[in-house]
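Undergrad:
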Amino acid sequence: MEFYTYVNIFETKGLEYLLLLSFLVLFILLVRYLSGYGKKGPDAGDKTSKTGH
Amino acid sequence: MDRRQFFRTSATVGAAIGAAVLPIKKAKAEATKENKEFIGVLVDTTRCIGCRSCEVACSVTHDNYVPDVKNDNALEKIHDTSDKQWTIVNRFKTEKGDVFVKRQCMHCWQPACGAACLVNAMYKTKEGPVTWDGDKCMGCRFCMISCPFDIPKAEYHSWNPRIMKCNMCYERLKEGKKPACVEACPTDALMFGPKRELMEVARHRVYSHPDKYVRHIYGEHEVGGTGWLYLSAVPFNQIGFRTDLGTTPYPEYTKQFLVSVPLILFGVPALLLGLNELTDRKNKLSESSEWTKPGEEHE
Amino acid sequence: MSNAAVFTSEFSRVFRFFLQELKPRGKWLTPFNVISIPIIIVGLVILYFRFVYGLGSVTNLNQEFPWGLWIGFDVVTGVAFAGGSYVVTFVVYVMRNDKYHSIVRVTVLNGLMAYVFYAGALVLDLGRPWHIVNPIIGNSFGYNSVLFLVSWHFLLYMIAMFVEFSPVIAEWAKLEKVRKFLSALTLGAVIFGITLSILHQSGLGALFLMAKPKIHPLWYSEFIPILFFVSSIYAGLAMIIFEGTISHKVFKDLIGDGNHKRNEEIVLGLAKGAAITMFVYYFFQALLFVHEQRWNLIHDFWGYWYLVEIIGFVLIPCCMFAYAVRNRNLGLIKVASVMALLGIILNRLNVSVIAFRWYAADHYYPSWQEIVVTLMVISVEIWVLRWIITRMPVLSKH
Numbered sequence: 003m004e005f006y007t008y009v010n011i012f013e014t015k016g017l018e019y020l021l022l023l024s025f026l027v028l029f030i031l032l033v034r035y036l037s038g039y040g041k042k043g044p045d046a047g048d049k050t051s052k053t054g055h
Numbered sequence: 004m005d006r007r008q009f010f011r012t013s014a015t016v017g018a019a020i021g022a023a024v025l026p027i028k029k030a031k032a033e034a035t036k037e038n039k040e041f042i043g044v045l046v047d048t049t050r051c052i053g054c055r056s057c058e059v060a061c062s063v064t065h066d067n068y069v070p071d072v073k074n075d076n077a078l079e080k081i082h083d084t085s086d087k088q089w090t091i092v093n094r095f096k097t098e099k100g101d102v103f104v105k106r107q108c109m110h111c112w113q114p115a116c117g118a119a120c121l122v123n124a125m126y127k128t129k130e131g132p133v134t135w136d137g138d139k140c141m142g143c144r145f146c147m148i149s150c151p152f153d154i155p156k157a158e159y160h161s162w163n164p165r166i167m168k169c170n171m172c173y174e175r176l177k178e179g180k181k182p183a184c185v186e187a188c189p190t191d192a193l194m195f196g197p198k199r200e201l202m203e204v205a206r207h208r209v210y211s212h213p214d215k216y217v218r219h220i221y222g223e224h225e226v227g228g229t230g231w232l233y234l235s236a237v238p239f240n241q242i243g244f245r246t247d248l249g250t251t252p253y254p255e256y257t258k259q260f261l262v263s264v265p266l267i268l269f270g271v272p273a274l275l276l277g278l279n280e281l282t283d284r285k286n287k288l289s290e291s292s293e294w295t296k297p298g299e300e301h302e
Numbered sequence: 060m061s062n063a064a065v066f067t068s069e070f071s072r073v074f075r076f077f078l079q080e081l082k083p084r085g086k087w088l089t090p091f092n093v094i095s096i097p098i099i100i101v102g103l104v105i106l107y108f109r110f111v112y113g114l115g116s117v118t119n120l121n122q123e124f125p126w127g128l129w130i131g132f133d134v135v136t137g138v139a140f141a142g143g144s145y146v147v148t149f150v151v152y153v154m155r156n157d158k159y160h161s162i163v164r165v166t167v168l169n170g171l172m173a174y175v176f177y178a179g180a181l182v183l184d185l186g187r188p189w190h191i192v193n194p195i196i197g198n199s200f201g202y203n204s205v206l207f208l209v210s211w212h213f214l215l216y217m218i219a220m221f222v223e224f225s226p227v228i229a230e231w232a233k234l235e236k237v238r239k240f241l242s243a244l245t246l247g248a249v250i251f252g253i254t255l256s257i258l259h260q261s262g263l264g265a266l267f268l269m270a271k272p273k274i275h276p277l278w279y280s281e282f283i284p285i286l287f288f289v290s291s292i293y294a295g296l297a298m299i300i301f302e303g304t305i306s307h308k309v310f311k312d313l314i315g316d317g318n319h320k321r322n323e324e325i326v327l328g329l330a331k332g333a334a335i336t337m338f339v340y341y342f343f344q345a346l347l348f349v350h351e352q353r354w355n356l357i358h359d360f361w362g363y364w365y366l367v368e369i370i371g372f373v374l375i376p377c378c379m380f381a382y383a384v385r386n387r388n389l390g391l392i393k394v395a396s397v398m399a400l401l402g403i404i405l406n407r408l409n410v411s412v413i414a415f416r417w418y419a420a421d422h423y424y425p426s427w428q429e430i431v432v433t434l435m436v437i438s439v440e441i442w443v444l445r446w447i448i449t450r451m452p453v454l455s456k457h
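Protein chains in written order, with my numbering: chain A, 3 to 55; chain B, 4 to 302; chain C, 60 to 457.
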């Protein structure tokens, strides 16, 4: 209580927004990965046949 | 009954029910009318000689375990209040010699234990003491989790456990007496009164003897202000006080959550119903469709 | 008059049917019975001591640690595990996705049983359990308490889940009219139930908001409620996968071995959901890590312990789920769901017990009696669950 210093509670906001951007990019990659994009093999073929019909 | 009369009647009935059920308006009016001040106690640790008369007086008043002050060597190690004793005195060895510190419930302005209690067994009285009501308590011990000073203590070895903590001798206050510990103190280390007056005394002592006291009155702002205030010759973290508790009243930490509850309660069902409407209406799912054979559908 | 007669005859039929169904079926000396019966007997003896001589006679609870294993594991973790019920009912009834319809009954049943027994275990932990009705009736409404809310929501959610499950009971008792009426209530109960779940899953986290100075800063944040809610989604999904694996072994004859392909699709779908939620949860934690500048705190034992939880039991099972979904590896999905569940146990216990008062010289650890009673609660739950599953049309044969 004897002295006051300026404390910025939002000091890390910049980093947080960077994290957010990386999250968005990674999330899109994850969802694409999970739905089997770019995968060679029977599943990928299955996928296209499903969308076809 | 015509329509207008119907509306008028229902409005009156509604208002009457509202006034009876919702104590909100009434409570507000009371608060401005009564203008009662919370009382508290100022503890001047520089005056305490560690005689522990307060411990004895407290236990005698509340039928708790009365310590054998002369022979039990309780000051030898730092200890805490317990389910048997509502107040205890600790001795701290500091650069300014031995300092004795009485410990009991701080009687917070906005007590965390009271906000934690789901049955209002722990509650703050109009006069200021935080008290416990055994007829309501269900023994969940959430008050013990929440209290920043770890004051409520449970009787673990009883089939019908009580929550034990200082009640600032609420029953004595109602008779117009001081708390037992204050009355028993032989050195005026304890002073009883409304917090506003206690703060004036405390500030006066600190300002007139700047060499004797640290410039900090513990309890002035801690956890939003407490009923009990402490003066000390050494920094408070050296005599067993937590100085990292902050000045936010503890119930505020749950405010955001509790405010969002009604929002979610009426927002989410509407959202879910909306989502449900947006889905394919032709796809009519019946509860039992997976369990009955295609021809014998129930619906 | 004839209506009443029909009613009484129907009632007595259902009653006789019920008595007849109560009788045990099948072999008695199964490995599970051999283990669980002694546990239940010992547990009952322990509970006798607990109610006669107080909590202190059988638990290691003390003034510094008022909540131990019975709250931290049975209630806080058990309820998180029961989260699958609201997730699946959301997908099936709100989003009308019939892919998961065949698991909806067993999931709701699991959720209902988990609430009855694990939230019910709260009664064992209450000092004065006969006052448990106080927050619900009487003049003791502690509106200001998070626990008030959680207890009300437990109660209401149990009712909602019971309504969701009740058509099955009516179908079992061959009460066709009742069943029709009850299944008309399903969507309402589901919507109400999901709302309540969101609130009390996060409410369990909000219980610890006022314990700010006592929880290690790596586990305390003002966002505990959100973290608890998000993690309950994948906890529920992982639990469905885990329970499904077991019930496919145990109730082989009830399920029948047709349609492996469809079951596989369901598990893959659940695993996909788990991977996405865990990923989101991991980033929530990462965001908090940055916001609260936690890098200063990770250089001691508690820091490493935190990293074990977040990386070892969130990030790694998340990646395992993702990899397993892409490669249709069901074995790996099972391993990942067990790891995710362990991560939930770790997280809930860290907040409520382990990192609670991390600075204490004598830290709490559960007594053997507390562990036996916990195992007893689980055993009794499995007994009741087994009884219901073998009698009522819970598992889909389609």
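Where a beta carbon is used, it is the ideal one built from N, C-alpha and C, also for glycine.
Mind checking the region 16–36 of chain A against chain C and listing, in chain order, the residues whose C-beta falls within less than 8 Å of any C-beta there?
TA: Cβ contacts with chain C: L17, E18, L21, L22, F25, L28, F29, L32, V33, Y35 and L36.
Undergrad: Residues bridged to B/I166 by DSSP?
TA: The partner list for B/I166 (beta bridge, DSSP) reads B/A157.
Undergrad: Let me know if A/L31 comes out buried or exposed under the rule of 16 or more other beta-carbons within 10 Å of its beta-carbon.
TA: By the 10 Å Cβ count, A/L31 comes out exposed.
Undergrad: Rounded to whole angstroms, what is the Cα-Cα separation between C/F372 and C/R155?
TA: Straight-line Cα distance between these residues: approximately 32 Å.
Undergrad: Please tell me whether C/I300 and C/H307 are closer than 8 Å, where the distance is taken between their beta carbons.
TA: No, these two residues do not count as a Cβ contact at 8 Å.
Undergrad: Beta-carbon within less than 7 Å of B/C54's beta-carbon, same chain only, minus the 5 sequence neighbours each way: which residues are those?
TA: The answer, listed in chain order, is P189.
Undergrad: Buried or exposed: which applies to B/Q107, given that a residue is buried once 16 or more other Cβ atoms fall within 10 Å of its Cβ?
TA: By the neighbour-count rule (16 or more Cβ atoms within 10 Å), B/Q107 is buried.
Undergrad: Against chain C, with Cβ distances strictly below 8 Å, would B/I91 count as a contact?
TA: B/I91 does not count as touching chain C.
Undergrad: Here's the rule I'm using: 16 or more other beta-carbon atoms within 10 Å means buried, otherwise exposed. How should B/V92 be labelled?
TA: The residue is buried, with at least 16 neighbouring Cβ atoms inside 10 Å.
Undergrad: Just mark B/V63 as buried or exposed, buried being the case when its beta carbon has 16 or more other beta carbons within 10 Å.
TA: Per the 10 Å Cβ criterion, exposed.
Undergrad: Could you check what DSSP says for C/Y98 in three-state terms: helix, strand or coil?
TA: The sequence given here places Ile at residue 98 of chain C; Tyr does not occur at that position. Of the three classes helix, strand and coil, the one that applies to C/I98 here is helix, per DSSP.
Undergrad: Take the Cβ of C/E429 as the centre, count every other Cβ of all protein chains shown within 10 Å, and call the residue buried at 16 or more, exposed below.
TA: Looking at its Cβ environment, which holds 16 or more other Cβ atoms inside 10 Å, C/E429 is buried.
Undergrad: So if I threshold CB-CB distances at 8 Å, which residues from the region 342–371 of chain C count as touching chain A?
TA: Here the close residues are F342, A345, L346, V349, H350 and Q352.
Undergrad: With distances taken between CB atoms, is the gap from C/P376 to C/A345 smaller than 8 Å?
TA: No, Cβ-Cβ distance for C/P376 and C/A345 is not below 8 Å.
Undergrad: Tell whether a beta-carbon distance below 8 Å holds between B/G131 and B/G43.
TA: Yes; because the gap between Cβ atoms is below 8 Å, this pair is in contact.
Undergrad: Which bits of chain C does B/H160 rub up against, with CB to CB less than 9 Å?
TA: In chain order: Y112, G113, L114, G115 and S116.
Undergrad: Step through the CB atoms of chain C and report whether any lies within less than 8 Å of the CB of B/M194.
TA: Not one chain C Cβ lies under 8 Å of B/M194.
Undergrad: Entirely within the region 214–252 of chain B and at least 4 residues each: give me those alpha helix (DSSP H) ranges in chain order.
TA: Qualifying alpha helix (DSSP H) stretches: none in this window.
Undergrad: Identify the contact partners of A/T14 in chain C, using a Cβ-Cβ distance below 8 Å as the criterion.
TA: Result: V349, H350 and Q352.
Undergrad: Using the Cβ count rule (16 or more neighbours within 10 Å means buried), how would you classify C/A414?
TA: Result: buried.
Undergrad: For the region 286–305 of chain C against the region 126–146 of chain C, do three or more pairs of beta-carbon atoms, one drawn from each stretch, fall closer than 8 Å, so that the two count as touching?
TA: As far as the Cβ criterion goes, the region 286–305 of chain C touches the region 126–146 of chain C, which means the pair count is three or higher.
Undergrad: When the Cα of B/E223 is compared with those of B/L234, B/I52, B/G137 and B/V69, which residue comes out closest?
TA: Ranking the options by Cα distance to B/E223, first place goes to B/L234.
Undergrad: Please name the residue, chosen from C/P425, C/V165 and C/F110, that lies closest to C/E464 on a Cα-to-Cα basis.
TA: Past the boundaries of the shown model lies residue 464 of chain C; chain C is included only from 60 to 457, so the question cannot be answered.
Undergrad: If we call anything under 8 Å between Cβ atoms a contact, is B/V209 one with B/R199?
TA: Contact: no.
Undergrad: Rounded to whole angstroms, what's the CA-CA distance from C/G390 to C/I403? Just pull it up for me.
TA: Approximately 20 Å between the Cα atoms of the pair.
Undergrad: I want to verify the contact list: residues of chain A whose CB lies under 7 Å from the CB of C/V384, in sequence order.
TA: What C/V384 touches in chain A: L36.
Undergrad: Could you check the C-alpha separation between C/F76 and C/L444 for me, to the nearest Å?
TA: Roughly 19 Å separates the two Cα atoms.
Undergrad: Tell me the residue span of the alpha helix (DSSP H) that contains C/R385.
TA: Its alpha helix (DSSP H) spans residues I375 to R385.
Undergrad: Consult DSSP for B/K28 and reduce its assignment to one of helix, strand or coil.
TA: At B/K28, the pLDDT of 48 sits below 50, so the modelled position is not reliable; the number obtained from the coordinates is stated separately. Three-state DSSP puts B/K28 in a helix.
Undergrad: So for C/W129, helix, strand or coil by DSSP?
TA: The answer is helix: DSSP assigns C/W129 an H, G or I state.
Undergrad: Answer with buried or exposed for B/K105, where buried requires no fewer than 16 other C-beta atoms within 10 angstroms of its C-beta.
TA: The residue is buried, with at least 16 neighbouring Cβ atoms inside 10 Å.
Undergrad: As a quick exercise: from B/L193, B/T246, B/Q113 and B/C61, pick the residue whose alpha carbon is nearest that of B/T257.
TA: For B/T257, the nearest C-alpha among the options comes from B/Q113.
Undergrad: Measuring CB to CB, does C/L78 end up less than 8 Å from B/L121?
TA: No. Outside cutoff.
Undergrad: If you count every other CB in all the chains shown that lies within 10 Å of the CB of C/I305, and 16 or more means buried, which is it?
TA: Exposed, by the Cβ-count rule.
Undergrad: Give a yes or no on contact between the region 180–187 of chain B and the region 58–76 of chain B, applying the rule of three or more CB pairs nearer than 8 Å.
TA: Because the criterion of three Cβ pairs below 8 Å is met, the region 180–187 of chain B and the region 58–76 of chain B touch.
Undergrad: Put B/W112 into one of helix, strand or coil per three-state DSSP.
TA: Three-state result, B/W112: coil.
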